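Chemist: Got a structure for you, questions after.
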Amino acid sequence: MEKSIETTWKQGFLKSDALIAPKVNDIYNRKSIHLIEKFEKMFKINIWGIIIGSSLLFIGAVLAGALVAGSLMLVMMLYVAYTAYQELKSLEKLDKGQSSYAFLKSFKEWIDRSTERYGNMYRFVYPALILLFYFGIWYSDIFSPMREKVAESTSDLIFGLHTYTTLAIFIGAGIMSAFSKVIHKEDVRAIYGKILDKLDHALAEMEELQR
Amino acid sequence: MSSDFYSASILPYAPIIIKICRAYTDTQEDFEDYYQEVCLQIWKSRHNFQGQSEWSTWVYRLSLNVSMTLLKKKKNTPQHTGSEFIPEELSEDSKAFSDESLEQLFQAIRKLSEVDRGIILLYLEEKSYQEIADIMGTNPNHIGVKIKRIKERLKKLLDGKIN
């Protein structure tokens, strides 16, 4: 005789294998891997953003007749993209076999290390970009009428550049250099803020779970 | 989550969680994910339990809510697993239950809507219409009719009359 669903339900669960609970010892495993995969994806997009952005800047510089400044900016930004790629490689080497907590902790350490390293690198990159941009524009072909106009209207010139503007740019570059770490940290937070918050939240939860 | 809390407040109710999670998942991997998420949510929301109902009722409600939410999320996320290409013999290995009839029943339940799955699970767990309505947040007057319809659909699914 055909069994009713009620009987199937009752009899089926009498078997010992029907209700085996999975272990709850690695609750965050998949979550933590997802979190880092998301970060890696965004990081890759960011690298491509640098490559594409600097290439467009280079094309713009060439069209404006600032080949040297454009080339220097391109080389510098490609170097930044290359180091970011190397950082990404080191992130991929994180041991996924360790516990979720250790895994997320090492990810957090990687972010801190990376932010620190980039903060140091941007100490030179930020001012260099500002100066290259400024000199590039100033000496570009497209800017030559303006250059002549400035030369006619003032005697405050240094190497053909307006002295006070140049001074202001140098001070700006110096400030950017001095605050490079803070600026870079804010930059990182603006791009990866959501993921970093999730990471902090997950770590805090896991620390509470361990108590 | 302390092992004390798990042993005292979750493990005795694990059968409830297992049955619900099985009804909302097709694979062992998803089942373990759902189970763990339910346990985590029970632990995280433990302070919200005010003792107005039985702890088991609360576990039912929470397990259903978490499972339905995860299933919705999964439906909205494109899958890249290519599971549709898994050969028949491989999917046979991933059967949740050795009891053939029970396995078929769960396969049929998984074809129901999210809410219908919850209602029939609670019915099979011998919950009263009032309890089902309380857990599902519906009107108890309609539960009887609803269960009758779900059972008819399940029967058709089990007989292979519909897919």
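Order-wise, the sequence lines are chains A and B. Each residue of the first sequence is one higher than the last, beginning at 1 in the numbering used here. Each residue of the second sequence is one higher than the last, beginning at 212 in the numbering used here. Backbone N, C-alpha and C define an ideal beta-carbon position, used for all residues, glycine too. Only a predicted model underlies this, so the values are computations on that prediction, with no experimental measurement involved.
Tell me, please, whether the CB atom of B/S309 is closer than 7 Å to any CB atom in chain A?
Modeler: yes
Chemist: Among A/I50, A/E87, A/A64, A/Q98, whose alpha-carbon lies nearest the alpha-carbon of A/V75?
Modeler: A/I50
Chemist: Is B/Y246 closer than 7 Å to B/L282 when the C-beta atoms are compared?
Modeler: no
Chemist: Quick check on B/P298: does DSSP put it in helix, strand or coil?
Modeler: For B/P298, the predicted model reports a pLDDT of 41, less than 50, meaning its position is unreliable; a value from the coordinates is still stated below. In this structure, B/P298 counts as coil in the three-state DSSP scheme.
Chemist: Kindly indicate if chain B contains any beta-carbon less than 7 Å away from that of A/A64.
Modeler: no
Chemist: How would you call A/M279, buried or exposed, if buried means at least 16 neighbouring beta carbons within 10 angstroms?
Modeler: Absent from the model: residue 279 of chain A. The displayed extent of chain A is 1 to 211, so no value can be given.
Chemist: How many whole angstroms separate the CB atoms of B/S278 and B/V249, which I take to be in contact at a CB cut-off of 8 Å?
Modeler: 7 Å
Chemist: DSSP puts A/L161 in a beta bridge; with which residues?
Modeler: A/I158
Chemist: At a CB-CB cut-off below 8 Å, which residues of chain A make contact with B/S312?
Modeler: K3, T8, Q11, G12
Chemist: Below 8 Å on the Cβ atoms is my contact criterion, and I expect B/I221 with B/L332 to pass it. Report the Cβ-Cβ distance as a whole number of Å.
Modeler: About 18 Å separates the two Cβ atoms, so there is no contact after all.
Chemist: Considering Cα atoms alone, identify which of B/T268, B/S267, B/F216, B/S309 is closest to B/K255.
Modeler: B/F216
Chemist: Please decide whether A/D17 counts as near chain B, where near means a Cβ-Cβ distance under 7 Å.
Modeler: yes
Chemist: At a CB-CB cut-off below 8 Å, which residues of chain B make contact with A/A21?
Modeler: Simply L222, A225, I228, I229, Y246.
Chemist: Which full runs of the beta strand (DSSP E) of 3+ residues lie inside the segment 293-373 of chain B, going along the chain?
Modeler: none
Chemist: If you measure from the beta carbon of B/E325 to each beta carbon in chain A, is any gap under 7 Å?
Modeler: No, no contact with chain A.
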